[in-house]
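Chains A and B, in that order, are what the protein sequence lines are.
Taking the numbering used here, the leading residue of the first sequence gets 1, the next gets one more, and so forth.
Taking the numbering used here, the leading residue of the second sequence gets 1001, the next gets one more, and so forth.
By construction, the Cβ of each residue, glycine as well, lies at the ideal position given by its N, Cα and C atoms.
What you are looking at is a predicted structure, and each value in this text was computed from that prediction instead of being measured.
Working notes, beginning with the structure itself.
There are 2 protein chains.
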Amino acid sequence: MARQDRSARRSHSESSLEPRLSRASVGRLSLYLRRLEEFQRAGIHRISSNRLGQPLAITDTQVRKDLAFLGRLGQPGIGYDVDDLIGSIRSTLGIDRCWSAALVGVGNLARALLRYNGFIERGFRIVALFDSDLRKVGQAVDDLTIYPVSRMKEIIATTGAELGILTVPASAVQNVADELVAAGIKGLLNFAPGLIRTRPGISVVNVDLTVQLEQLAFLVHLTSTEPLS
Amino acid sequence: MARQDRSARRSHSESSLEPRLSRASVGRLSLYLRRLEEFQRAGIHRISSNRLGQPLAITDTQVRKDLAFLGRLGQPGIGYDVDDLIGSIRSTLGIDRCWSAALVGVGNLARALLRYNGFIERGFRIVALFDSDLRKVGQAVDDLTIYPVSRMKEIIATTGAELGILTVPASAVQNVADELVAAGIKGLLNFAPGLIRTRPGISVVNVDLTVQLEQLAFLVHLTSTEPLS
DNA sequence: GGATGTGAACGACTTCACAGCG
DNA sequence: CGCTGTGAAGTCGTTCACATCC
């Protein structure tokens, strides 16, 4: 019983005939992009795979393999053009435009995310707030009003939000996710513990802070238990 | 030039003679643990790999492989004992005790983390706050006073904090990390973009929210670009 | 029958080695 | 000579298949 979820985990990335961009590669491209923008601001226009990967502890070969997905951008003997790379990574990752997000669950974490400059700097904008707590509904946070979950469909349609950020308790996550999807949301960033089931075509990225902390505890536990060789 | 950082990325996990717990496995063990605690609260004492993995979209084989690291805990034909598993995962991950953390950079994200119940529930306690902004120093957040970075060594020694949580701007991360390590901190949870260089023996886990959002944008971009087969 | 444990097959990702270009 | 691009080799992690035990 229950073996039909074999395909659920690859609800994205169908058709893997040609080498597809792996999740790890996408993450590294994000890192390269930030690094490249620093170089750009510093007025540097040419960069080698070695120098790009070094501060990130990524080998030059790995960098080249990642960048090879973007096409043939490097010049042997010379390196890569910083501006070209930036443009190419942005368009490949789909972040050569703004993304609007709706946020559900206006607690402390939500407020932190709202004021997090990193998102705005990189073209992500939170355009709508929802909360199921009726005492919060109507309140304003920064320049946004908190709406009741019942008006989700309407508000998301008018604001044109495409992404959903979930900062609700674990018990509410699946319901809220379903409603967001019903309202037309295409992707979910979930901060609550516990995975979300969605229909294919909807992307989900989970950020589980507790798991991260437990990873850290494990690593420290390990290095203090195992004597260093 | 600069090829000497080959070993830096495996600053943890030395001696890989026997099969070592991979990062992915550790993450999944965290997830199993939470799931198992739910079962425990529900009064369920026996669980199969199939039922444990199902809601997490993890195959039964994968679950068994992960649990095999803990020893021979399952009974063929029966399954696993929930209490045994919980105890074993906790001790393997090193979270069968409390961990104290010092937090540096008291902004919005820090306040959210301070009030995040998930940490306390799982035995993580934030015991000291630091900020380089002298206007914040002396202020109290919840029941903690914000100390200047200059008193880090002293305060960390008296509070016995072992982990450091960094919610400072990217430009300050490396400096703060160095000071935390000098003060005796063993592991760092870094929320700022950009990697940290540390000496071996110090563990680092990076949580880069922008990278996560960009991953999501890419996935949505991909599914909307590529026609579904 | 129902479940675990595990060697072997498989697949994905990373590194090596080197050809080739500027 | 420096640096990219890339097939080949290697490594790591996941899935399959099946022996085994309750």
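Below 6 Å CB to CB, which residues in the same chain sit around S49 of chain A once its five sequence neighbours on both sides are set aside?
Along the first sequence, read from residue 1 onward, the residue named residue 49 of chain A stands at position 49. Closer than 6 Å at the Cβ level, and outside the excluded window around S49 of chain A, lie D60, V63 and R64.
Answer yes if the stretch 1099–1113 of chain B comes into contact with the stretch 1125–1145 of chain B, meaning at least three C-beta pairs across the two stretches below 8 Å, and no otherwise.
Two segments are said to touch when three or more pairs of C-beta atoms, one from each, lie closer than 8 Å; by this definition the stretch 1125–1145 of chain B touches the stretch 1099–1113 of chain B.
Only counting the same chain, and skipping five residues up and downstream in sequence, which positions put a Cβ closer than 7 Å to that of G194 of chain A?
Counting from 1 along the first sequence, the entry for residue 194 of chain A is found at position 194. If we look at G194 of chain A and ignore the five residues flanking it on each side, its Cβ neighbours are A170 and V173.
Extent of the continuous alpha helix (DSSP H) to which I1067 of chain B belongs
In the second sequence, counting from the first residue as 1, residue 1067 of chain B sits at position 67. The identity of residue 1067 of chain B in the sequence shown is Leu, whereas the question assumes Ile. D1060 to A1068 is the extent of the alpha helix (DSSP H) around L1067 of chain B.
DSSP three-state call for Y147 of chain A: helix, strand or coil?
Sequence index remark: in the first sequence, residue 147 of chain A carries index 147 (1-based). DSSP, read as helix, strand or coil, puts Y147 of chain A in strand.
Coarse secondary structure for S1015 of chain B, derived from DSSP in three states
Residue numbering aside, residue 1015 of chain B sits at position 15 when the second sequence is read from its first letter. Note that S1015 of chain B has pLDDT 40, beneath the 50 cutoff, so the model's placement of it is unreliable and no number is given.
What first and last residue would you give for the beta strand (DSSP E) that runs through L1129 of chain B?
Residue 1129 of chain B sits at position 129 when you count from the first residue of the second sequence. F1124 to D1131 is the extent of the beta strand (DSSP E) around L1129 of chain B.
For L1103 of chain B, count neighbouring Cβ atoms within 10 angstroms of its own Cβ and tell me buried if that reaches 16, exposed if not.
Here the question's residue 1103 of chain B lines up with position 103 in the second sequence. Counting Cβ neighbours within 10 Å, L1103 of chain B comes out buried, since at least 16 surround it.
Do we get a CB-CB distance below 9 Å when we pair P76 of chain A with the residues of chain B?
Locating residue 76 of chain A in the first sequence gives position 76, counting from the first residue. With a threshold of 9 Å between beta carbons, P76 of chain A makes no contact with chain B.
Once you ignore the five residues that flank L21 of chain A on each side, which residues in its own chain have a CB closer than 6 Å to its CB?
For this step, residue 21 of chain A is matched to residue 21 along the first sequence. Cβ within range, chain order: F69.
Using a Cβ-Cβ distance cut-off of 9 Å, determine whether Q40 of chain A contacts chain B.
The residue given as residue 40 of chain A occupies position 40 in the first sequence. No, no contact with chain B.
Could you check which residue in A:L180, A:D142, A:V176 and A:T167 has the C-alpha nearest to that of G160 of chain A?
Locating residue 160 of chain A in the first sequence gives position 160, where the first residue counts as 1. Ranked by Cα distance from G160 of chain A, the first of A:L180, A:D142, A:V176 and A:T167 is A:L180.
Local conformation of G1027 of chain B per DSSP, three classes:
Start at 1 with the first residue of the second sequence, and residue 1027 of chain B comes out as number 27. DSSP places G1027 of chain B in helix when its eight states are reduced to three.
Scan the stretch 1196–1209 of chain B for residues whose Cβ lies nearer than 7 Å to a Cβ of chain A and list them as they occur along the chain.
If the cut-off is 7 Å between Cβ atoms, the stretch 1196–1209 of chain B has G1201, S1203, V1205, V1207 and L1209 near chain A.
With 9 Å as the C-beta to C-beta threshold (strictly closer), list the residues of the stretch 1120–1132 of chain B near chain A in chain order.
Taking 9 Å as the upper bound on Cβ-Cβ separation, chain A lies near residues E1121, R1122, G1123 and F1124 of the stretch 1120–1132 of chain B.
When we look at the beta-carbon of I1078 of chain B and count the other beta-carbons within 10 Å, is it buried (16 or more) or exposed?
Residue 1078 of chain B sits at position 78 when you count from the first residue of the second sequence. Per the 10 Å Cβ criterion, exposed.
Output needed in chain order: residues of the stretch 1040–1069 of chain B with a Cβ under 8 Å from some Cβ in chain A.
Answer set for the stretch 1040–1069 of chain B: N1050, Q1054, P1055, L1056, A1057 and T1059.
Scan the stretch 96–112 of chain A for residues whose Cβ lies nearer than 7 Å to a Cβ of chain B and list them as they occur along the chain.
When C-beta distances to chain B are compared with 7 Å, the residues of the stretch 96–112 of chain A below that value are W99, N108, L109, R111 and A112, in chain order.
Could you tell me which residues DSSP pairs with Q75 of chain A in its beta bridges?
Start at 1 with the first residue of the first sequence, and residue 75 of chain A comes out as number 75. For Q75 of chain A, the pairing in a beta bridge is given by DSSP as A:G79.
Drop a sphere of 10 angstroms on the beta-carbon of N190 of chain A, count the other beta-carbons inside from all chains shown, and report buried for 16 or more, exposed for fewer.
For the purposes of this step, residue 190 of chain A is identified with residue 190 of the first sequence, where counting begins at 1. Note on N190 of chain A: 16 or more other CB atoms within 10 angstroms of its CB, so buried under the neighbour-count rule.
contact_flag[the stretch 1208–1222 of chain B, the stretch 21–36 of chain A] where n(CB pairs < 8 Å) is 3 or more:
The stretch 1208–1222 of chain B, when compared against the stretch 21–36 of chain A, does touch it at the 8 Å Cβ threshold.
Given T223 of chain A, which residues of its chain have a CB within under 8 Å of its CB, disregarding the five upstream and five downstream residues?
Walking along the first sequence from the start, residue 223 of chain A turns up at place 223. Setting aside the 5 residues that flank it on each side, T223 of chain A has no residue in the same chain whose C-beta is closer than 8 Å to its C-beta.
Supposed close pair L36 of chain A, I86 of chain A - CB separation, criterion 8 Å:
Within the first sequence, numbered from 1, the residue matching residue 36 of chain A stands at position 36. Within the first sequence, numbered from 1, the residue matching residue 86 of chain A stands at position 86. Contact holds; Cβ gap of about 5 Å.
Roughly how many angstroms separate the alpha carbons of F1119 of chain B and L1113 of chain B, rounded to a whole number?
Start at 1 with the first residue of the second sequence, and residue 1119 of chain B comes out as number 119. Start at 1 with the first residue of the second sequence, and residue 1113 of chain B comes out as number 113. Those two C-alpha atoms are separated by around 8 Å.
Could you pull out every residue in the same chain whose Cβ sits closer than 8 Å to the Cβ of S88 of chain A, ignoring the five residues on either side in sequence?
The residue labelled residue 88 of chain A in the question sits at position 88 within the first sequence. Taking S88 of chain A as the centre and dropping the five residues before and after it, the same chain places the C-beta of L70, G71 and L73 closer than 8 Å to its C-beta, in chain order.
Under the three-state DSSP convention, the category A1192 of chain B falls into
In the second sequence, residue 1192 of chain B corresponds to position 192, counting from 1. DSSP places A1192 of chain B outside both helix and strand once states are collapsed to three, so it counts as coil.
Residue interval of the beta strand (DSSP E) (run including V1205 of chain B):
Translated into the one-based positions of the second sequence, residue 1205 of chain B becomes position 205. Counting along the chain, the unbroken beta strand (DSSP E) around V1205 of chain B starts and ends at S1203 to N1206.
Once you ignore the five residues that flank D142 of chain A on each side, which residues in its own chain have a CB closer than 8 Å to its CB?
Here residue 142 of chain A is taken as the residue at index 142 of the first sequence, counted from 1. Once the five neighbours on either side are set aside, the close Cβ partners of D142 of chain A are L114 and R115.
Check whether the Cβ atoms of V207 of chain A and Q1212 of chain B lie closer than 9 Å to each other.
As a first step, residue 207 of chain A is located in the first sequence; it is residue number 207 there, counting from the start. As a first step, residue 1212 of chain B is located in the second sequence; it is residue number 212 there, counting from the start. Yes, Cβ-Cβ distance for V207 of chain A and Q1212 of chain B is below 9 Å.
Would you mind stating whether I156 of chain A and I185 of chain A have Cβ atoms separated by less than 9 Å?
For the purposes of this step, residue 156 of chain A is taken as the residue at position 156 of the first sequence. For the purposes of this step, residue 185 of chain A is taken as the residue at position 185 of the first sequence. Yes, the Cβ-Cβ distance between I156 of chain A and I185 of chain A is below 9 Å.
Sort B:S1150, B:M1152, B:A1177 and B:G1187 by Cα distance to L1163 of chain B and report the nearest one.
Here residue 1163 of chain B corresponds to residue number 163 of the second sequence, with the count starting at 1. Per the Cα distances, B:G1187.
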